[in-house]
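The sequence shown runs 0 to 223 under numbering that gives the first Met the number 0.
Notes follow the structure.
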Amino acid sequence: MQIKFRHNFGHQEQGEFFHCGVEAVEVMPEEYNTALEIGFLIQVVNGVPKWYQSRSTRVRTANTFYDLLPDAKLLANPLPYVEMDHIYTAYCYYKKFKKYFEVNQQLQLDKFMGYYQNDAMVAWAKLRHYTPQAIETALFVWDYSLPATKLGSRSLEHEIAWAKQAGYEYVYLGPGYERSSLYKANIQGFEWWTGDIWSTDIEEYNRLCKQDSKLTKISDLYDV
0 MQIKFRHNFG HQEQGEFFHC GVEAVEVMPE EYNTALEIGF LIQVVNGVPK WYQSRSTRVR
60 TANTFYDLLP DAKLLANPLP YVEMDHIYTA YCYYKKFKKY FEVNQQLQLD KFMGYYQNDA
120 MVAWAKLRHY TPQAIETALF VWDYSLPATK LGSRSLEHEI AWAKQAGYEY VYLGPGYERS
180 SLYKANIQGF EWWTGDIWST DIEEYNRLCK QDSKLTKISD LYDV
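Structure (structure tokens):
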């Protein structure tokens, strides 16, 4: 594994601010746990997996006590792409999101969990299996046919319970930025990557996320 830095942007005339992108390259499968442990996760860019550095978040499954949902199961290959795309389209319409990927784009690391109501699939999740110790909840989409069921939060609890039962030590939750990531701090076993250590300081995590959402221009960073 090699770590590369991209110096994308900087200010030094009226104040100091430097933006540096960090990427891990040539990460071998036997190094995946090491990369995860120092804050890296995989994102897919133009169909190519890349290891990026972030304020990563995770839960330690030993510290969680969630229950499995009865109407959820791992999807077997071949995946029902048409049905999955229909759910994803409904999800984007409800959220007012732009469809930014095709559901049939996946890594060999990816597993899919389907969620059902009356034998019909209404939601699915992408779980990125890094190692026997670590998995990531990379994506969840739902048609929102019954919003009152709160399937979004219940599905995450199910995935954590499933991962614990399957022997995973950690469930990674993606990066933690802005107010939309505050909910992660309420999940049992929560930890976040400071850039130096994995912390359980929820108050500091919440402060940083709220601060993220307040920053709207580069000059705001000088105050930070």
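No residue lacks a Cβ here, since even glycine has one placed at the ideal position from N, Cα and C.
If you follow the alpha helix (DSSP H) that A160 is in, where does it begin and where does it stop? For A160, the uninterrupted alpha helix (DSSP H) run begins and ends at L150 to Q164, by DSSP.
Distance check for Q11 and Y143, CA to CA, integer angstroms please. The alpha-carbon of Y143 is positioned some 48 Å away from that of Q11.
Is there contact here, the segment 62 to 82 with the segment 103 to 112, by at least three beta-carbon pairs under 8 Å? Contact between the segment 62 to 82 and the segment 103 to 112 is present, because at least three Cβ pairs lie under 8 Å.
I need the DSSP call for Q107, collapsed to helix, strand or coil. Correct three-state label for Q107: coil.
Just confirm the distance between the C-beta atoms of I41 and R127, as a whole number of angstroms; I'd bet it's less than 8 Å. The pair is a contact, with the Cβ atoms about 7 Å apart (cut-off 8 Å).
Proximity winner among R153, V24 and F8, relative to H18 (alpha-carbon distances): Comparing Cα positions, the closest option is F8.
Mark F100 as exposed unless 16 or more other C-beta atoms lie within 10 angstroms of its C-beta, in which case mark it buried. Exposed.
Looking at C-alpha atoms only, which residue of T215, P28, F4 and V58 is the closest neighbour of Y167? When only C-alpha atoms are compared, the closest one is V58.
Apart from the five residues just before and just after D84, which ones in its own chain have a Cβ nearer than 7 Å to its Cβ? The beta carbon of D84 is closer than 7 Å to those of V102 in its chain, skipping five residues each way along the sequence.
From the DSSP secondary-structure annotation, give me the bridge partner or partners of K49. K49 has Q42 as its beta-bridge partners, per DSSP.
Does the count of Cβ pairs from the segment 119 to 137 and the segment 167 to 177 closer than 8 Å reach three? Counting Cβ pairs under 8 Å, three or more are found: they touch.
A119 burial status per 10 Å Cβ neighbour count (16 or more: buried): Under the 10 Å beta carbon count, A119 is surrounded by fewer than 16 other beta carbons and is classified as exposed.
Same chain, Cβ closer than 8 Å to N205, neighbours up to 5 away in sequence not counted: Residues L181 and A184 of the same chain have their beta carbon placed closer than 8 Å to that of N205, with the five preceding and five following residues left out of the count.
Take the Cβ of K95 as the centre, count every other Cβ of all protein chains shown within 10 Å, and call the residue buried at 16 or more, exposed below. With fewer than 16 other Cβ atoms within 10 Å, it is exposed.
What residues in its chain sit with their C-beta under 7 Å from that of V21, if we drop five residues either side in the sequence? Within its own chain, the residues whose Cβ lies closer than 7 Å to the Cβ of V21, once the five positions on either side in sequence are excluded, are I2, F4 and Q52, listed in chain order.
Which first and last residues belong to the alpha helix (DSSP H) in which A122 is found? Where A122 is concerned, there is no enclosing alpha helix (DSSP H), although the beta strand (DSSP E) it sits in stretches over A119 to T130.
Within a Cβ cutoff of 8 Å, which residues of the same chain sit near E190, ignoring the five residues on either side of it in sequence? Only T56, R57, V58, R59, W197, S198 and T199 meet the Cβ criterion.
Can you tell me whether Y31 is buried or exposed, with buried defined as 16 or more other CB within 10 angstroms of its CB? Note on Y31: 16 or more other CB atoms within 10 angstroms of its CB, so buried under the neighbour-count rule.
Could you give the distance in angstroms between the alpha-carbon of E15 and the alpha-carbon of W161? Near 46 Å, if we compare the C-alpha coordinates of W161 and E15.
Would you list the residues sitting across from G188 in a DSSP beta bridge? Beta-bridge pairing links G188 to no other residue.
Do you know whose CA, among L214, A124 and A165, lies nearest Y80's CA? For the residues L214, A124 and A165, the minimum Cα distance to Y80 belongs to A124.
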